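Undergrad: Below you'll find the structure I mean.
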Amino acid sequence: MTDDDRPDDDHPDDDRSADDSDAVADNRGDIIASMPVREQIRLLSGRTMWAVRGIPGSDLEEIRVADGPHGLRCQDEPDGGGDHVGMAPSLPATCFPTAVTLGATWDPALLEKVGAALATEAIDQGVSVVLGPGLNLKRHPAGGRNFEYYSEDPLLSGRLAAAIVRGLQGGGVGACVKHFAANNHESFRFVADAVVDPRTLREVYLRGFEIAVTESAPWTVMCAYNQLNGRYCSEDRWLLTELLRDEWGFDGLVMSDWGATNDRALGIAAGLDLQMPGCRGAFDGEILDAVDAGTLAPEEVAQAARRVAQLIARAQTARPRGGGFNARNSAWVEEHHELARRVAAAGTVLLSNDGVLPIAEPASVAVIGGFATAPRYQGAGSSLVNSTRVDTVLDAARDRFGNPRVRFEQAVDPVTGALLPGGRDRAVRAASAADVAVLVVGLPAADESEGFDRSHLAMPTGTTELVEAVCAAQPRTVVVLCNGAPVEMSWADRPAAVLEAYLGGQAGGSAIVDVLSGDAEPGGRLAESIPVDMSDLAASGTFPGEPRRTEYREQQMVGYRFHTTCEVSARFAFGHGLSYTTWKVGEPRLTTSDDGAGGTAVPSGVEVAVTNTGKRAGSHVVQIYLDPVDTAAERPATVLAGWAKVHLDGGGSETVSIALDRRSMEVFDVEEGSWRLDPGRYLLRVANSVLDTEHTVELRVDGDAPSDPWGCRGLAADRRVVSAAPPPDRPFHRNSTVDDLTTTPIGPLIRRIVIGTARRSVRAELSDPGPALMRMYEQSALEMPLRALVALAGGGLRLSHIDGLIDLLNRRYGLLGRRAARAASSAAARARSLVAGRTDR
Ligand code: BGC
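Quick note: to get the numbering used here, add 528 to the position in the sequence shown (first position is 1).
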């Protein structure tokens, strides 16, 4: 029986609490123990693109997982079709603002509501685990997938991710925290090695995951495609077991990113329980061989299988009372659209304003730009949502301000951002004739996607020309930016106001007009720095790095940590965002707690009175930064140590308590392998942004350890990275990419076939795929290692076929024999699904 057939009353004991799931799963452990190892192995990979196999002989039945972080991408193909790259259709769902916009809300309570809404839709569509949140850190603003991540700061990322997890799991649906770990760029993501020193890794790149795992107990974690310090994340025992489970106490299931498994047996031993997507057991033979050879303990297989059983038990136990799967009850459509609209406004950042905003009752408005009618509201790739509906700025402006007062000029092509013939002049005329001009511009979809990074931060030239021309013609010009990551803004001081709306989800158009008109306030604060020029950044030298290896040489000098420490100004600083009202933040009062471990008194919180001194209701983000001014370890100039988002009516006042993140006073002691308080003098700043300080208090922290040697005396001392040299290009191996084969006599031909097949398979699915999808496909096809073709072929290829092809490429004709012949015919027959990463049955 599939989930679709299951009657609603199939679970008479619906009042079981979620806590019962472990007991349920423990009982199911016996079932696993009595299964032959071959059957246990079968459970360790999915049945289809989205289905996790049920446990034979039990009532633990197949469950489904689906993307993604900001809206459901559930492909309703029970027989296993679908794709993981945003190509084939999915059921309609609410497209909430993407993570960049969610991050700018700084509002965990609101994100918990988004998580709960996602859970409702997931339950409705028969999905037990949602593949999100994604919380990789924004190492560099050119990261192609930055729109899917929250922040450049680990505390903010981790706490917001934890809120989404709580919302989802509180609604009876599992979360999947991804992509673990150091998946901070897209280029060559399947094979790239992120080379990160241990302190930076712990304090910056792992910290968000640590928070999400320890604060919200996600049911699942997804391991990343890339390698970390020379080892694939999918087979890194330190990462998946020693750190995640033993140190952080994670008790759920680890699944692979789609096609991320390298050596499957090593992966199981390392703690990777479930391989996704299903590939009809293509790796099972190798796992069994490893068990037979004694290199993989049967107990490790059983343990991974038990975790699959536990996940299913959790899903069954947490399912809400009376809630049948696949009710297809769309009662939530309107309610979630309204929530999406509120969240989008709450994540919209007012970067500058000379007083032109809000424009409550304009005599006339010129709305200019292709995005006003063809909105850019989400990114491309696996997170692509088939929205229940989409609002546009133009429609919303006409509704709000009255149709006759609103004039529209497209001026630029929404797909390319290029000026249309005569577009600039028409836009200038419309702007000059109006009371106020609103330019809705930003980055074309083709610039930002999963699967590739940007090479610069500029908007299309035509778009920048339009901004400059309209600002010159109309002093009351508001620039509204729609983009998933920062753009360079040489023109920033010309408009009367700049509103960073990011990617606001399906209700983003209405939310923008809500903020322009003042019906809603711009609730967002930057969760990332907007640089003046990309070349200023310390990380730019090695971003995205060599094809197979990216050294994080800038260490902790990421985002505001870089700007403040190296004294390089950003265009707009981390934490910045203006309000429509005014705020007064009172003197802070510190609270202190005793450190249970060493008896050391450390500040644990701050209390401040916040007053809305204006007449309008609004929100303010009180930010706490710690500057280590005289401490033992070398550290960034400042770190975010806590915050509170306060909502108050005009004239309202409230005293807020902000917990201080103890880790902000700690460093990771590499020698000892543990966190240590860093004793010394700190400045605690109560601020409106990382640069805009209201109050400063001096702190003294008594360390619980000698200050030296700690293995963290200076960042320079921490350049001990453990990384194998990248594998040689020749002989070819399972991790050779299609791109690597170009140097062989048949390489160019293979490349042409692969690219051609990729294009054809996209076009077969979509008449107008759009440039982002095409680019993602082509780049992914070239950068995909040969072994991932097997993992993604839905069972159409075996590892032996790939090995045969490799023999052929290495001219090992003696070994070649039948294997190569089989490989060639199979590869041709399945080329289409291989390249597309699509499972066809
Ligand atoms: C992405 C994941 C996603 C998975 C399934 C992968 O390509 O990296 O984030 O969850 O596909 O769609």
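Glycine included, every Cβ here is placed at the ideal spot set by N, Cα and C. Note that this is a predicted model, so its numbers are computed, not measured.
Would the segment 899-919 count as touching the segment 947-956 if we require 3 or more Cβ pairs under 8 Å?
TA: No: the two stretches stay apart, fewer than three of their Cβ pairs being nearer than 8 Å.
Undergrad: Measuring CA to CA, which of Gln1084, Ala788, Pro636, Thr1166 is closest to Val1218?
TA: Here the closest residue by C-alpha is Thr1166.
Undergrad: In or out: Gly1365 buried (at least 16 other Cβ within 10 Å) or exposed?
TA: With a pLDDT of only 45 at Gly1365, under the threshold of 50, the placement of this residue in the model should not be trusted, and no figure is reported.
Undergrad: For Arg1213, count the other beta carbons within 10 Å of its own beta carbon; 16 or more makes it buried, fewer makes it exposed. Which is it?
TA: It is buried - the Cβ of Arg1213 has at least 16 other Cβ atoms within 10 Å.
Undergrad: Run the CB neighbour count on Asp558, radius 10 Å, all protein chains shown included, and call it buried at 16 or more, exposed below.
TA: The residue is exposed, with fewer than 16 neighbouring Cβ atoms inside 10 Å.
Undergrad: Looking only at its own chain, which residues have a Cβ that is under 7 Å from the Cβ of Asp1267, when we skip the five neighbours before and after it?
TA: Cβ within range, chain order: Leu1310, Glu1311.
Undergrad: Who are the near neighbours of Leu1168 in its chain, counting only those whose CB is closer than 7 Å to its CB and skipping five residues on each side?
TA: Excluding residues within five positions, the ones whose Cβ falls inside 7 Å are Asp681, Leu683, Leu684, Gln1151, Tyr1153.
Undergrad: Quick one: what's got a C-beta closer than 6 Å to Val964's C-beta in the same chain, skipping five residues either side?
TA: Only Ile887, Pro890, Val893, Arg1004 meet the Cβ criterion.
Undergrad: Report buried or exposed for Tyr1088, applying the criterion of at least 16 other Cβ atoms within 10 angstroms of its Cβ.
TA: Its Cβ being crowded by 16 or more others within 10 Å, Tyr1088 is buried.
Undergrad: Output the boundary residues of the alpha helix (DSSP H) element that contains Pro1276.
TA: Here the alpha helix (DSSP H) through Pro1276 covers 1275-1293.
Undergrad: Once you ignore the five residues that flank Glu1049 on each side, which residues in its own chain have a CB closer than 8 Å to its CB?
TA: Taken in chain order, the residues that qualify are Ala873, Val1043, Ser1107, Tyr1108, Thr1109, Arg1144, Ala1145, Gly1146, Ser1147.
Undergrad: If distances are taken between C-alpha atoms only, which option among Tyr1341, Thr1078, Ala1025, Asp1047 comes closest to Ser883?
TA: A small correction: the amino acid at residue 883 is Gly; Ser does not occupy that position in the sequence shown. It is Ala1025.
Undergrad: Return the chain-ordered list of same chain residues with a C-beta closer than 7 Å to the C-beta of Val1174, the five sequence neighbours on each side being excluded.
TA: Same-chain partners within the cutoff: Val1138, Ser1147, His1148, Val1150, Glu1182, Val1184.
Undergrad: Tell me, please, which residues DSSP counts as bridged to Ser977.
TA: Bridge partners of Ser977: Phe980.
Undergrad: His668 to Arg592, Cα distance in whole Å?
TA: The straight-line gap from Cα to Cα measures roughly 34 Å.
Undergrad: Can you tell me which of Arg1262, Pro1273, Arg1303 puts its alpha carbon nearest to the alpha carbon of Gly1332?
TA: It is Arg1262.
Undergrad: Drop a sphere of 10 angstroms on the beta-carbon of Ala859, count the other beta-carbons inside from all chains shown, and report buried for 16 or more, exposed for fewer.
TA: Exposed is the call here.
Undergrad: Please report the distance separating the alpha-carbon of Ser1328 from that of Gly643.
TA: Their Cα atoms are separated by approximately 43 Å.
Undergrad: Apart from the five residues on each side of it in sequence, which residues of its chain come closer than 7 Å, Cβ to Cβ, to Gly1178?
TA: Thr1109, Asn1140, Gly1142, Lys1143, Arg1144, Ala1145.
Undergrad: Do you know how far the Cα of Leu771 is from the Cα of Ala745?
TA: Roughly 15 Å between the two C-alpha positions.
Undergrad: For the 8 Å Cβ check, are there 3 or more pairs between the segment 1087-1105 and the segment 1050-1058?
TA: With a cut-off of 8 Å, the segment 1050-1058 and the segment 1087-1105 count as touching, because enough Cβ pairs lie within range.
Undergrad: Ends of the alpha helix (DSSP H) at Tyr677?
TA: Where Tyr677 is concerned, there is no enclosing alpha helix (DSSP H), given that its DSSP letter is neither H nor E.
Undergrad: Along the alpha helix (DSSP H) that carries Ser744, what are the first and last residues, could you check?
TA: That run of the alpha helix (DSSP H) goes 735-744.
Undergrad: Would you identify the three-state DSSP class for Ala1039, choosing helix, strand or coil?
TA: Ala1039 falls in the helix class under three-state DSSP.
Undergrad: Return the first residue and the last residue of the beta strand (DSSP E) that Asp1158 is part of.
TA: Looking at the DSSP string, the run of the beta strand (DSSP E) that includes Asp1158 is 1146-1159.
Undergrad: Under 8 Å between the Cβ atoms of Val655 and Val705?
TA: Cβ atoms of Val655 and Val705: not closer than 8 Å.
Undergrad: Please tell me whether Asp812 and Met783 are closer than 8 Å, where the distance is taken between their beta carbons.
TA: Contact: no.
Undergrad: Taking the alpha carbon of Thr1119 as the reference point, which residue from Leu781, Ala594, Pro1131 has its own alpha carbon closest?
TA: The shortest C-alpha separation from Thr1119 is found at Pro1131.
Undergrad: Do three or more CB pairs link the segment 1075-1085 to the segment 1195-1210 at distances below 8 Å?
TA: Because the criterion of three Cβ pairs below 8 Å is not met, the segment 1075-1085 and the segment 1195-1210 do not touch.
Undergrad: Confirm the yes/no value for this check: CB of Leu600, any heavy atom of the ligand NAP, distance under 7 Å.
TA: The model on display carries the ligand BGC but not the ligand NAP.
Undergrad: Can you list, in chain order, the residues of its chain with a C-beta nearer than 6 Å to that of Pro1164? Leave out the 5 residues immediately preceding and following it.
TA: Counting only Cβ-Cβ distances below 6 Å, and skipping sequence neighbours, we find Gln1084, Arg1089, Thr1093.
Undergrad: May I ask you to list the residues that DSSP assigns as paired with Met750?
TA: DSSP output for Met750 lists Met783 as bridge partner(s).
Undergrad: Cβ-heavy atom distance between Trp747 and the ligand BGC below 7 Å?
TA: Every heavy atom of the ligand BGC is 7 Å or more from the Cβ of Trp747, so no.
Undergrad: What residue range does the alpha helix (DSSP H) around Cys999 cover?
TA: Residues 989-1001.
Undergrad: Please determine whether the Cβ atom of Ser715 lies at a distance below 7 Å from any heavy atom of the ligand BGC.
TA: Answer for Ser715: no, Cβ out of range of the ligand BGC.
Undergrad: Does the Cβ-Cβ distance between Gly907 and Leu1054 come in under 8 Å?
TA: Not in contact: Gly907 and Leu1054 (Cβ atoms no closer than 8 Å).
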